[in-house]
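Notes follow the structure.
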DNA sequence: CGGCGTACCGTACTTAGTACGGTGATGGTA
DNA sequence: TACCATCACCGTACTAAGTACGGTACGCCG
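Chains as they are written, first to last, in my numbering: chain A, 291 to 508; chain B, 291 to 508.
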């Protein structure tokens with residue numbers, strides 16, 4: 291140890307990553323800086339570098355943290371139910387940490403939690419009777435849907451039920467008269483309706499995909 | 291005009307955005323800086339700011355440029371064929387500009403090309419007989435799939451046919467003995483096979499989705 | 001009790017975004 | 001033609017962020 295005058299637990303890779311996730315959640319990924327991170331941990335910036343090599347490693351790490359939060363399917367269970375549970379859990383995780391999708395694009399080195407997650411999903415599908423090739427198809431499809439849905443949710447200028455209407459109206463104010471008639475129709479007849487929540491669209495697509503996969507399985 | 295001693299066309303918002311896309315394509319989004327952009331345009335950094343307000347506006351702009359590259363569906367045509375054409379085109383655009391997905395996550399203000407694109411897709415679905423609500427479902431599903439597939443393609447540590455195998459082997463070298471058995475199986479029996487190309491998975495999911503939508507339409 | 005490893009830190013360098021205030025050419029006007 | 005306003009471009013410099021490099025003190029071991 292060293293100058294451990296401070297109370298509380300010592301710095302560690304885990305504490306650094308946890309704080310990084312909290313900062314990114316609270317203020318967006320741009321607000322996650324080495325300095326802000328150090329301040330939150332009540333240390334000086336350079337101390338962080340004794341637990342991670344650089345910021346890239348922090349970004350890799352917090353993406354893996356998000357994967358660690360996703361409920362794993364149980365191989366051997368009803369594959370539809372397990373895939374649904376995993377998909378819902380993944381969507382919730384990606385909504386809680388909407389910066390994660392943006393990081394995944396640039397990160398080619400998966401962490402341990404990601405690998406374990408992927409392995410378990412594959413296990414579940416293979417156990418359910420999908421061939422290797424069918425599993426590859428199914429997995430690419432399911433994950434594409436989950437990630438893409440997260441992209442859309444993150445890009446939406448509103449979130450949660452009923453907030454969409456007002457925002458949609460504010461945006462459309464700037465439309466030239468008569469422009470984008472189908473967007474306007476969609477807004478008027480669907481999005482601005484009370485109770486509208488984009489998140490509810492997730493279930494429709496997921497069930498459609500699961501139906502399709504089921505018939506591919508026979 | 292002013293000190294237009296230089297040959298060539300004057301600076302403009304369009305030239306700035308075009309150069310920004312080229313830089314991001316060539317070196318990743320991180321290599322797109324005001325200074326690198328200015329150098330490419332053969333002007334000094336501060337000159338850029340006479341055509342865009344700030345870097346955020348550039349990022350908004352290049353995302354919209356990507357949307358502008360996507361082939362629009364023709365409302366009134368065969369909706370399946372049109373949706374397929376649009377989806378393939380979108381996937382190619384997002385693969386050419388793999389930084390785009392990462393930007394979409396943080397960008398809540400769509401540009402003119404995006405709006406026009408979305409409006410046209412909605413038009414095509416509505417014309418094909420989908421109700422407003424069905425159109426909302428279909429659109430969320432299709433775009434989720436397209437975006438999510440792009441996320442996965444961008445995150446892959448390899449690209450193109452036959453390059454996956456060697457990379458997969460290199461990654462698995464670092465696995466503990468016996469770890470991730472299903473990932474290993476997938477790699478051994480599918481990914482490392484000659485001719486494997488993750489991009490080929492796109493068609494499977496797309497057709498499954500279109501089938502499902504067709505039966506929802508009746 | 002002296003030396004050493006470890007955990008933390010001070011300083012400073014580099015790169016990036018961009019605020020602020022020029023500066024000179026051009027085109028319009030008297 | 002003389003003037004001037006405007007507009008496109010730029011020089012300088014400030015702030016913030018990542019991080020290299022070399023301390024520095026605490027506790028432990030011998």
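Ideal Cβ placement from N, Cα and C applies to all residues, glycine included.
{"Query": "Burial state of residue 368 of chain A, where buried means 16 or more other Cβ atoms lie within 10 Å", "Result": "exposed"}
{"Query": "Straight-line Cα distance separating residue 461 of chain B from residue 356 of chain A", "Result": "21 Å"}
{"Query": "Three-way DSSP call (helix, strand, coil) for residue 490 of chain B in this model", "Result": "helix"}
{"Query": "Residue from A:425, A:442, A:370 and A:447 whose Cα sits closest to the Cα of residue 496 of chain A", "Result": "A:370"}
{"Query": "C-alpha distance - residue 343 of chain B paired with residue 464 of chain A, whole-angstrom precision", "Result": "19 Å"}
{"Query": "Assigned secondary structure, residue 381 of chain B (DSSP; H/G/I helix, E/B strand, else coil)", "Result": "helix"}
{"Query": "Assigned secondary structure, residue 302 of chain A (DSSP; H/G/I helix, E/B strand, else coil)", "Result": "coil"}
{"Query": "Simplified DSSP state of residue 360 of chain B, which is helix, strand or coil", "Result": "coil"}
{"Query": "Alpha-carbon to alpha-carbon, residue 400 of chain A and residue 477 of chain B", "Result": "15 Å"}
{"Query": "Minimum Cβ-Cβ distance from residue 354 of chain A to chain B less than 9 Å", "Result": "no"}
{"Query": "N- and C-terminal bounds of the alpha helix (DSSP H) containing residue 320 of chain A", "Result": "From DSSP, residue 320 of chain A is part of no alpha helix (DSSP H); its letter is neither H nor E."}
{"Query": "Contact with chain A by residue 318 of chain B, beta-carbon distance below 9 Å", "Result": "yes"}
{"Query": "For residue 302 of chain A and residue 341 of chain A, the rounded distance between their alpha carbons", "Result": "6 Å"}
{"Query": "Interface residues of the region 402–417 of chain A facing chain B [CB-CB below 7 Å]", "Result": "405, 408, 409, 412, 413 and 416"}
{"Query": "Where residue 453 of chain A sits in the DSSP three-state scheme", "Result": "coil"}
{"Query": "Beta-carbon separation (whole angstroms), residue 307 of chain B vs residue 351 of chain B, contact threshold 8 Å", "Result": "4 Å"}
{"Query": "Sub-9 Å separation of residue 365 of chain B and residue 410 of chain B beta-carbons", "Result": "yes"}
{"Query": "Touching by the beta-carbon criterion (3+ pairs, under 8 Å), the region 390–398 of chain B and the region 441–460 of chain A", "Result": "yes"}
{"Query": "Burial state of residue 425 of chain B, where buried means 16 or more other Cβ atoms lie within 10 Å", "Result": "buried"}
{"Query": "Within-9 Å CB hit, residue 366 of chain A to chain B", "Result": "no"}
{"Query": "Beta-carbon contacts of residue 503 of chain B that lie in its chain and below 7 Å, excluding the five residues immediately before and after", "Result": "428"}
{"Query": "Cutoff 9 Å: residue 433 of chain B Cβ touching any chain A Cβ", "Result": "yes"}
{"Query": "Cross-chain neighbours of residue 238 of chain A in chain B, by beta carbon under 9 Å", "Result": "This structure gives no information on residue 238 of chain A, because the portion of chain A shown stretches from 291 to 508."}
{"Query": "Distance, residue 405 of chain B Cα to residue 543 of chain A Cα", "Result": "Outside the modelled stretch of chain A, which goes from 291 to 508, sits residue 543 of chain A, for which no answer is possible."}
{"Query": "Buried/exposed call for residue 381 of chain A, threshold 16 Cβ in 10 Å", "Result": "buried"}
{"Query": "Contact check, residue 354 of chain B vs residue 314 of chain B, beta carbons under 9 Å", "Result": "no"}
{"Query": "Residue range of the alpha helix (DSSP H) that includes residue 367 of chain A", "Result": "Counting along the chain, residue 367 of chain A falls outside any alpha helix (DSSP H), and DSSP gives it neither H nor E."}
{"Query": "Contact check, residue 499 of chain A vs residue 440 of chain A, beta carbons under 9 Å", "Result": "no"}
{"Query": "6 Å Cβ shell around residue 388 of chain B - same chain, five flanking residues per side excluded", "Result": "444"}
{"Query": "Cβ neighbours of residue 335 of chain A in the same chain (closer than 6 Å, five flanking residues each side left out)", "Result": "324, 325 and 328"}
{"Query": "First through last residue of the alpha helix (DSSP H) which encompasses residue 438 of chain A", "Result": "422–445"}
{"Query": "Reduced DSSP category for residue 502 of chain B - H, G, I as helix; E, B as strand; rest coil", "Result": "helix"}
{"Query": "Proximal chain A residues relative to residue 464 of chain B, where beta-carbon distance stays under 8 Å", "Result": "Those do not exist, as residue 464 of chain B stays about 10 Å from chain A at its closest Cβ, beyond 8 Å."}
{"Query": "is_contact[residue 360 of chain B, chain A] using C-beta, thresh 9 Å", "Result": "no"}
{"Query": "Nearest-angstrom Cβ-Cβ length linking residue 472 of chain B and residue 413 of chain A, presumed shorter than 8 Å", "Result": "5 Å"}
{"Query": "Residue 337 of chain A, DSSP secondary structure in three states", "Result": "helix"}
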